[in-house]
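Numbering-wise, numbering that gives the first Met the number 0 puts 357 at position 358 of the sequence shown, and it's gapless, one number per residue.
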Amino acid sequence: MLVYKTSDPQLDREIRRTYTSEKPVRRSPLDIYVSGQAAQPLKVIARDHLGYKVEVTSKIPLQVAHKHPLTESFLAEHLGRLGDTPFYLRNLTSSLNDKLILPVSELNRMRREMVEALIEKRVTATNWTISEPEPIAPKELERLRTKTNGSTQENETQVQLWVMVRSLVQLEAALETNARFVYLDLPTINEVSEALRMFRSVSPIATTPNQLAACFVAPPRITLPGEEKFIDSLLELNPDGVLVRNAAQLYRVKNSRFVIDATFNVANPIAFNWLLERFHPERITPGYDLTHKQVLDLTPFVPADRIELIIHQHIPMFHMQYCLFARWTARAPNRLSCGAKCKIHSLAIRDRKGVTHPVLPDPFCRNTVFNGQPQSAAEYYLDFLSTGITKFRVEFVNESPEEIKRTLNLYQRLLAKEIDGATVCSSLKARSRLGVLSTAEDTPIT
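The structure is reproduced here in structure tokens:
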């Protein structure tokens, strides 16, 4: 079992020493070249790792040695005594013959002069002039506004309600409520295969965005090296498309229909349009950091029909490698010996306020903790529709079939304008919010 430190006094002392000590902690390597001949001054050239170079010469000429000549080891010993300076000797090369000598006191003086000259050169090095960059955002936003030239008219014939299910039981309930656009976020390939069979038994295979039914698969939130084969296995099942959640998946599904999920945290029109132009997804779900007002601010700069909004969800609060199921349902030391208890048990965390937050595993036993209280952007539906946004998503976590049917029935009536958003929120006891920030924290896109 891994134990994570929350405090390390020794590490604290080491870090504190880096900014409180008068002695330099980080020292630069020096390469020194020594040359000279009898009756001539000794020449020392020093160069640091940044390319700064200095040259110093002795004030005393070299003499023929009778003993203790200036060997490379002798020179390295005396010129390398760099002590509390910001340097250390990495390499010394000498072209002297071994019959020359110079007083040690003169070598020490040359070393001090060499260090002082190098430090001075660093301090007085060429100052870079940082020009004031021309802001890219205003010009780019104007280009995007001109390019989009978006219509803000409602197009109710294109309104779609996508449903994310996380079990076969949930899928069955969704299909019974006439759900025709589905995301499958299931833990095994076999379950995905069965889910696709169930869906296609009531809906045709979709090949274009405008068809009246589609079933996309949702790979895990995280893809580590070596896990790409899981994505390939999903694609071999021939789903109608993929909900892409990270960059590894983005490059893996380039030949398929796909939607970019909120996990990409797309929060401005420049990023939104770059992804559209570079990878050509059908739609992009803005990041959780945007409020409903900020999403509305996007629409003058991006094609509104390429936006997909999560109108109902339990916000994922954190995602972790640690498997709570292995620890609490199987009492196993790790996920490899737990016996897959997550397939037969459900699990939730109760916080200090008494709210229970459901926990779900992914195919690789990573756990996600979801907020126990659902949230809904139903009250803003008409605002979104007026800007041309017509694709909406309802995400389920651990809801029962009865809850799923009731929830979808409410949203279907909302999209048909039979009830208002406030009725949806109150009926579901959902917090009225889009994303993780309240409207009071809005910052407009300019």
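Yeah, the Cβ is synthetic: ideal placement off N, Cα and C, and Gly gets one too.
Let me confirm a value: residue i is counted as buried when at least 16 other C-beta atoms fall within 10 Å, else exposed. Which label applies?
i	result
P8	exposed
G82	exposed
K390	buried
G353	exposed
T128	exposed
V63	exposed
M319	exposed
S150	With a pLDDT of only 47 at S150, under the threshold of 50, the placement of this residue in the model should not be trusted, and no figure is reported.
V243	buried
G50	exposed
E119	exposed
D350	exposed
P280	buried
Y182	buried
E307	buried
I14	exposed
E451	Lying outside 0 to 445, the shown extent of the chain, residue 451 is not represented and no answer is given.
N189	exposed
E71	exposed
Q451	What is shown of the chain runs 0 to 445, which leaves residue 451 out entirely.
Per DSSP, which residues does residue i bridge with? Please list them.
i	result
Q374	Q312, R430
D30	R46, N90
Y182	M163, F215
M319	N366
Q9	According to DSSP, which records beta bridges pairwise, Q9 is partnered with nothing at all.
K390	Q159, E307
P357	A347
R282	V258
Using three-state DSSP, classify residue i as helix, strand or coil.
i	result
F363	coil
L289	coil
A172	helix
K496	Nothing about residue 496 can be reported from this structure: the residues present for the chain run from 0 to 445 only.
V435	coil
R15	helix
L99	strand
P137	helix
P132	coil
N107	helix
S150	Note that S150 scores a pLDDT of 47, beneath 50, so its modelled location is shaky and nothing firm can be said.
F73	helix
F456	With the chain covering 0 to 445 only, the question about residue 456 has no answer from this structure.
V396	coil
S114	According to the sequence as given, residue 114 is Val; it is not Ser. In this structure, V114 counts as helix in the three-state DSSP scheme.
I269	helix
R25	coil
V63	strand
K4	coil
N177	coil
L409	helix
T422	helix
L143	helix
R220	coil
With respect to the alpha helix (DSSP H) encompassing residue i, which residues constitute its N-terminal and C-terminal limits?
i	result
Q36	No alpha helix (DSSP H) holds Q36; DSSP gives it neither H nor E.
F300	Taken as a continuous stretch (DSSP letters only), F300 belongs to no alpha helix (DSSP H), as it is neither H nor E.
V191	188-199
W127	First-last for W127: undefined, no H or E at that position.
K340	It is not in any alpha helix (DSSP H) - K340 carries neither H nor E in the DSSP assignment.
I230	227-235
L249	246-251
L81	That residue, L81, is in no alpha helix (DSSP H); it is neither H nor E in DSSP.
S385	380-385
Along the chain, where does the beta strand (DSSP E) containing residue i start, and where does it finish?
i	result
R351	Segment: none, R351 is in no beta strand (DSSP E) and carries neither H nor E.
L242	240-243
I59	52-60
Is any heavy atom of the ligand ATP found at a distance shorter than 8 Å from the C-beta of residue i?
i	result
D260	Absent from the structure shown: the ligand ATP. Ligands present: none.
Of all the CB atoms in chain B, is at least one closer than 9 Å to the CB of residue i?
i	result
K138	Protein chain content of the structure displayed is limited to a single chain, and chain B is not contained in it.
Taking contact to mean at least 3 C-beta pairs separated by less than 8 Å, is the stretch 422-432 in contact with the stretch 175-193? Touching, no, given that fewer than three Cβ pairs across the two stretches are closer than 8 Å.
Should the stretch 29-39 be called in touch with the stretch 74-91, which here means at least 3 C-beta pairs below 8 Å? Because the criterion of three Cβ pairs below 8 Å is met, the stretch 29-39 and the stretch 74-91 touch.
Stretch-stretch touch, CB-based, cutoff 8 Å, three pairs: the stretch 284-296 with the stretch 355-364: Segments in contact, no.
Check whether the stretch 168-181 and the stretch 302-309 touch, using three or more Cβ-Cβ pairs below 8 Å as the test. Contact fails: fewer than three Cβ-Cβ distances are below 8 Å.
Do the stretch 321-328 and the stretch 404-419 meet, that is, are 3 or more Cβ pairs less than 8 Å apart? Look at the beta carbons and you see the stretch 321-328 not touching the stretch 404-419: under three pairs across the two are nearer than 8 Å.
Does the count of Cβ pairs from the stretch 263-277 and the stretch 227-237 closer than 8 Å reach three? As far as the Cβ criterion goes, the stretch 263-277 does not touch the stretch 227-237, which means the pair count is below three.
Below 8 Å, can you find three or more Cβ-Cβ pairs linking the stretch 393-401 to the stretch 212-228? By the Cβ rule, the stretch 393-401 does not count as touching the stretch 212-228, because fewer than three pairs are nearer than 8 Å.
Three CB pairs or more closer than 8 Å across the stretch 133-141 and the stretch 57-72: No contact exists between the stretch 133-141 and the stretch 57-72.
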